[in-house]
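Numbering (UniProt numbering), first residue to last: 1 to 154.
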């Protein structure tokens with residue numbers, strides 16, 4: 001419940017993040033503003049910051065890695081973080097419902113077939129489905145973005 005309130009009631013500091021990409025400030029790189037939060041949540045975030053609370057998983061299982069949020073991933077290369085807030089990432093979040101690493105892996109695997117041609121007009125079933133049913137005009141571009149992000153997450 002705290003995650004929902006924090007995500008809904010707080011804008012973020014630094015780079016803008018959209019609400020769809022925010023899951024949990026402790027397992028992602030975005031930081032909330034706290035001025036609109038209830039006192040108990042302000043205090044929780046303040047104490048976590050003061051004492052340096054961080055999510056550390058020295059050897060996370062594959063299942064845990066696949067369940068981690070894809071966007072603003074704590075393990076992602078900082079140089080690749082700008083990818084979190086562009087038109088392709090918005091398409092992936094809103095049209096394709098890609099939220100966790102596992103969602104991205106499934107989509108990458110779906111587009112890594114022999115039928116798929118990495119061009120805008122690809123006629124493979126996955127690209128046709130994305131264009132016709134999801135109104136996505138750049139399935140291959142989305143796949144490239146996911147590969148870049150996932151390469152630093154796993």
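The beta-carbon is built from N, C-alpha and C at its ideal position, and this holds for glycine as well.
All values derive from a computational prediction rather than experimental measurement.
At which residues does the alpha helix (DSSP H) containing residue i begin and terminate?
i: residue 110; result: 101-111
i: residue 90; result: 87-94
i: residue 129; result: 125-133
i: residue 64; result: 62-67
i: residue 45; result: 39-50
Does the Cβ-Cβ distance between residue i and residue j come in under 8 Å?
i: residue 116; j: residue 122; result: yes
i: residue 69; j: residue 27; result: yes
i: residue 105; j: residue 66; result: yes
i: residue 40; j: residue 89; result: no
i: residue 110; j: residue 140; result: no
i: residue 30; j: residue 72; result: yes
i: residue 96; j: residue 134; result: yes
i: residue 136; j: residue 91; result: yes
Per DSSP, what are the beta-bridge partners of residue i in this structure?
i: residue 72; result: Paired residue(s): none; residue 72 is not in a bridge.
Measuring alpha carbon to alpha carbon, tell me which of the options ends up nearest residue i.
i: residue 20; options: 36, 138, 137, 86; result: 86
i: residue 54; options: 62, 64, 24, 63; result: 24
i: residue 94; options: 49, 2, 22; result: 22
i: residue 101; options: 132, 62, 114; result: 62
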